[in-house]
Amino acid sequence: MADLEVAKLRSETPGCAEVVHFNNAGASLPPSIVVDTVVSYLVEEARVGGYELADRRREDLAAVYRSVAGIIGSHEDEIALVDNATRAWDMAFYSIPLGEGDRVLTTTSEYAANFIAYLQVARRTGAHIEVVPDTPTGEIDVDALERMLDDRVRLISINHVPTNGGLVNPAAAVGRIAQDAGIPYLLDACQSVGQIPIDVDEIGCDLLSATSRKYLRGPRGVGFLYVRDTIIESLEPIMLDLHGARWVARDEYEVRRDAKRFETWESSPALRLGLAAACDYALDVGPGAAWDRIASLAAILRAALARIPGVTVHDKGAVKGGIVTFSVAGREASAVQDYLQQRRINVSTSSVYSARIDMQERGLDEVVRASVHYFNTEDELDRLVNTVAQLARH
Ligand SMILES: Cc1ncc(COP(=O)(O)O)c(C=O)c1O
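Numbering (the numbering used here), first residue to last: 104 to 497.
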């Protein structure tokens, strides 16, 4: 990506003039088109009425599904729009029938919300949650996964990119194993959509959950679930309402045939349109170019941080993405975050409470998380590195 384009992308992002933003794995800075789309819809809603405007904008709202499908290479009928990535993932996971002795295979870096759901369902049903070992470089070991398969495995459920580091799991290699064995495959792509080019057919997942506000740069409060068309009708959502199903007789209901069966009737049209604007924008920028720049900026940052005495970089993975994690000797992660924030540099932290198995295995309680996006510059990397070095010297 040429410098000129980065300058243009930054000029389209008002937040770039305010802060140095390395919290794109938390919530990124949206481009103006996203903010304008959301705000103008809300203003219009207040003027003419919520239901009335939704009616008038029916076609634009239907087109949201095409925009979202476009970002992951799916069909629009395979998309459900929901509140966030966790609810998307929950709707998929809790809807999969599991019983005593059934097995779910997952990975060491699984997000806490997912693992809590595994534990709850295991407690209720007697299903077993099993963690596939990692390779020496830290990603899920696909050979070990293959060896663990038997006819009691009901689900393979992993993350593409974890919450707490640069790791990129081999999602497509896992997909080939899942497809060969005919086992449903749920991919938590919350941190990868918008960061890494995604094609659900190349990956071979049956279910994929994601959010709007992170690498996609959309608004907060909206996310989506992809459900492969071949399995939609075999999955009855754990919860239904009058949008996911129709009450057709006193004691009868019919579940709708598309992925919208996983949605609720009430939603925010403004946020959905903002999500669509973010997807269209991401496609315009170019997912491949975005990924190349994110990965190379993050590699520069890791190398520069690792050169600072007292700083340890923690990322694992043969392939590493935009999430850079580190610690500063003698400083709590939150103190590093505060120090940087006072200088208008945004980072976040990850603790053992967000990815317990991985953090415990590595003896880590917490790390500082600096997540880069394509609109970050090398000057911004220098500012971060110099400020961390200053703190490390004190
Ligand atoms: C890997 C991963 N999965 C899922 C989530 C949950 O996303 P949300 O907060 O939109 O529910 C996160 C959030 O940080 C995450 O990092």
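Even glycine gets a Cβ: it sits at the ideal position worked out from N, Cα and C.
query = Smallest Cα separation from residue 410: which of 489, 219, 264 and 233?
reply = It is 489 whose Cα lies nearest to the Cα of residue 410.
Residue 350 - containing alpha helix (DSSP H), residue span = Here residue 350 belongs to no alpha helix (DSSP H); instead the beta strand (DSSP E) covers 348–352.
message = Pull the bridge partners of residue 152 from the DSSP assignment, please.
response = Bridge partners of residue 152: none, in fact.
task = Could you check the C-alpha separation between residue 112 and residue 401 for me, to the nearest Å?
result = Their Cα atoms are separated by approximately 18 angstroms.
inquiry  = For a minimum of 4 consecutive residues, which ranges assigned as the alpha helix (DSSP H) are wholly contained in the segment 188–256?
reply    = For secondary structure counted as the alpha helix (DSSP H) over 4 or more consecutive residues, the segment 188–256 holds these complete runs in sequence order: 188–196, 215–228 and 245–251.
key: Option in 479, 476, 483 and 457 with minimal Cα separation from residue 267   = Taking each of 479, 476, 483 and 457 in turn and checking the Cα distance to residue 267, the smallest one comes out for 457.
task = Apply the 10 Å Cβ neighbour rule to residue 368 and answer buried if 16 or more other Cβ atoms are within range, or exposed otherwise.
result = Exposed, since its Cβ has fewer than 16 Cβ neighbours within 10 Å.
ask   = Is it buried or exposed for residue 295, if we count other Cβ within 10 angstroms and need 16 for buried?
value = Per the 10 Å Cβ criterion, buried.
query = In this structure, does DSSP put residue 332 in helix, strand or coil?
reply = Here residue 332 carries a helix assignment [DSSP, helix/strand/coil].
request  = Return helix, strand or coil for residue 338, following the three-state DSSP convention.
outcome  = Coil.
query = For the beta strand (DSSP E) that residue 291 lies in, which residues bound it at each end?
reply = Where residue 291 is concerned, the enclosing beta strand (DSSP E) stretches over 288–291.
query = Going by other Cβ atoms of all chains shown within 10 Å of its Cβ, with 16 needed for buried, is residue 345 buried or exposed?
reply = Result: exposed.
query = Over what stretch of residues does the beta strand (DSSP E) that includes residue 452 continue unbroken?
reply = Its beta strand (DSSP E) spans residues 451–454.
key: Residue list, Cβ distance to ligand 1 heavy atoms smaller than 6 angstroms   = Going by the Cβ distance cut-off, the answer is 187, 188, 189, 214, 216, 262, 265, 266, 291, 293, 294, 314 and 326.
ask   = Which of helix, strand or coil does DSSP assign to residue 111?
value = Here residue 111 sits in helix by DSSP.
query = What do you get for residue 256, buried or exposed, if any count of 16 or more other CB atoms within 10 angstroms of its CB means buried?
reply = The residue in question, residue 256, is buried, as its Cβ has 16 or more Cβ neighbours within 10 Å.
key: Distance CB(residue 119)-CB(residue 188) smaller than 8 angstroms   = Cβ atoms of residue 119 and residue 188: not closer than 8 angstroms.
inquiry  = Can you check which of these residues, 386, 327, 473 and 211, is closest to residue 431 by C-alpha distance?
reply    = Out of 386, 327, 473 and 211, 473 has the C-alpha closest to the C-alpha of residue 431.
key: Under the three-state DSSP convention, the category residue 502 falls into   = Nothing about residue 502 can be read from this structure; the chain reaches only from 104 to 497.
message = Judging by CA-CA distance, which residue of 325, 350, 338 and 263 is the nearest neighbour of residue 307?
response = With distances taken between CA atoms, residue 307 lies nearest to 263 out of 325, 350, 338 and 263.
message = Using DSSP's beta-bridge definition, name the partner residues of residue 327.
response = DSSP output for residue 327 lists 184 and 313 as bridge partner(s).
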